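This report refers to the structure that appears directly beneath it.
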Amino acid sequence: MGVPVVRIRVLVVDDHRIFAESLAAALAAEPDVDVAAAGSGPAALRCLERAAAEGRRYDVILVDAELGTLSSGGGRMASGPVPVPAPSSGESTPVDGLSLVAGVRSGQPSARTVVLAEKDDPRRAALALQAGASGWVAKDCSLQRLLAVIRGVLRDETHLPPALLTGVLRELTAARKHRTESERLVESLTPREREVLRCMVAGLGRKAVAERLFLSPHTVRTHMQNVLGKLGVHSTLAAVALARRAGVGPAELAGDVVERGGQLA
Numbered sequence: 001m002g003v004p005v006v007r008i009r010v011l012v013v014d015d016h017r018i019f020a021e022s023l024a025a026a027l028a029a030e031p032d033v034d035v036a037a038a039g040s041g042p043a044a045l046r047c048l049e050r051a052a053a054e055g056r057r058y059d060v061i062l063v064d065a066e067l068g069t070l071s072s073g074g075g076r077m078a079s080g081p082v083p084v085p086a087p088s089s090g091e092s093t094p095v096d097g098l099s100l101v102a103g104v105r106s107g108q109p110s111a112r113t114v115v116l117a118e119k120d121d122p123r124r125a126a127l128a129l130q131a132g133a134s135g136w137v138a139k140d141c142s143l144q145r146l147l148a149v150i151r152g153v154l155r156d157e158t159h160l161p162p163a164l165l166t167g168v169l170r171e172l173t174a175a176r177k178h179r180t181e182s183e184r185l186v187e188s189l190t191p192r193e194r195e196v197l198r199c200m201v202a203g204l205g206r207k208a209v210a211e212r213l214f215l216s217p218h219t220v221r222t223h224m225q226n227v228l229g230k231l232g233v234h235s236t237l238a239a240v241a242l243a244r245r246a247g248v249g250p251a252e253l254a255g256d257v258v259e260r261g262g263q264l265a
């Protein structure tokens, strides 16, 4: 009897269904690869959910860098991941590539994601790595190169084309510097102002913040103005973006009941 082959479970996700199915067929010719294809982000989410429910999670997910942009009219992609909708949300809900990468890292941290790109883009590649991708590979690379990357990321290797290394390192360094500056600004806030900022990150308006923190709306307005001034921004959206760069998470909204005696600060 021979030694059992350890099979690698791969999911190919690409809006171009013919490309996804063709690549899946090529990978399926390998004796140690089991592969499936999904023609959209929502379809990929359903595949991942179904596999997890059946106890057969995917090892590597190959994600199109331009996933979710075919019906966007050529509009510019967002600069970072957006929340990934639930698989049951349907085909009409767009899911971009970075969002899918971030969702996989959050929901299935043992899986590895590799981004398939038509062109080298240091900024997008850096964003992909920050979202949790383990590699960035050209779509027109050889099958053997792609297989080497798939097997490499399962050994916790990070794969980037040599031509992208300098640009990606520059982008990551700039992002780290930007984050450091954002962290410094957030640290200038008082504890109460940080509480208000976390509520802003959670999407709460002035009245909701007042009710949550047992403050008067006037006091909340003053705190919000102080937050904007100290962060050097002119809108709530800008404050939230800066807070996220600094690693500030949203205030917990569920099951968070605090008895404070109803006193105003």
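So the sequence shown is numbered by the working numbering: it starts at 1 and just counts up by one. Ideal Cβ placement from N, Cα and C applies to all residues, glycine included. Quantities reported herein were computed from a predicted structural model and do not represent experimental measurements.
Per DSSP, cross-strand counterpart(s) of residue i
i	result
glycine 135	Val114, His159
isoleucine 61	Leu11, Thr113
alanine 38	Val13
Rounded distance between the beta-carbons of residue j and residue i, thought under 8 Å
i	j	result
alanine 241	leucine 197	So it is not a contact: roughly 12 Å between Cβ atoms.
isoleucine 61	valine 104	6 Å
glycine 132	leucine 160	In fact, because the Cβ distance is near 15 Å, the residues do not count as touching under 8 Å.
serine 216	alanine 208	Not quite, the Cβ-Cβ distance comes to about 13 Å (not below 8 Å), so this is no contact.
Three-state class that DSSP yields for residue i in the structure shown
i	result
valine 12	strand
alanine 266	Since the first residue shown for the chain is 1 and the last is 265, residue 266 is missing from the structure and cannot be characterised.
valine 33	strand
alanine 246	coil
cysteine 141	coil
alanine 210	helix
alanine 251	coil
leucine 98	helix
methionine 200	helix
leucine 215	coil
glycine 107	helix
leucine 48	helix
threonine 166	helix
valine 227	helix
glutamate 181	helix
serine 22	helix
leucine 146	helix
glutamate 66	coil
leucine 129	helix
valine 240	helix
threonine 190	coil
leucine 271	The question about residue 271 has no answer, for the chain in this structure spans 1 to 265.
valine 220	helix
valine 6	coil
From the options, residue whose alpha carbon lies closest to that of residue i
i	options	result
leucine 164	Ala117, Ile150, Ser182	Ala117
leucine 98	Ala65, Asp121, Gly39	Ala65
leucine 127	His218, Leu100, Ala24	Leu100
serine 266	Ala52, Ala20, Val63, Thr166	Given a span of 1 to 265 for the chain in the structure shown, any question on residue 266 remains unanswerable.
glycine 247	Gln130, Arg7, Arg155, Ala43	Gln130
arginine 184	Ser142, Arg17, Val6, Gly232	Gly232
serine 278	Pro162, Glu181, Ala43, Lys139	The shown model of the chain, from 1 to 265, leaves out residue 278, and the question about it has no answer.
leucine 45	Ala251, Ala102, Val33	Ala102
arginine 174	Leu67, Arg57, Arg245	The question names arginine, but residue 174 in the sequence shown is alanine. Alanine 174 has its Cα closest to that of Arg245, out of Leu67, Arg57, Arg245.
valine 6	Ala208, Asp121, Asp34, Val63	Asp34
glycine 107	Leu215, Leu48, Cys141	Leu48
leucine 189	Pro31, Ala239, Leu27, Val168	Ala239
arginine 17	Pro162, Asp59, Gly68	Gly68
leucine 147	Phe19, Asp32, Asp15, Ala20	Asp32
arginine 112	Ala26, Arg57, Ala20	Arg57
lysine 119	Val137, Val63, Gly132	Val137
glutamine 144	Ala28, Phe19, Ala20	Ala28
alanine 202	Leu237, Leu169, Glu181	Leu237
glutamate 171	Arg212, Ala125, Leu154, Phe214	Ala125
valine 63	Gly55, Pro42, Arg50, Glu54	Pro42
arginine 155	Asp59, Ala25, Val186	Asp59
serine 142	Ala26, Asp15, Ala20	Ala26
proline 271	Cys199, Pro122, Asp121, Thr166	Because the chain in this structure spans residues 1 to 265, residue 271 falls outside the shown range and cannot be described.
Can we say the segment 7-16 touches the segment 34-42, given the rule of at least three CB pairs closer than 8 Å? yes
With a threshold of 8 Å, are at least 3 pairs of Cβ atoms found where one atom belongs to the segment 218-230 and the other to the segment 182-193? yes
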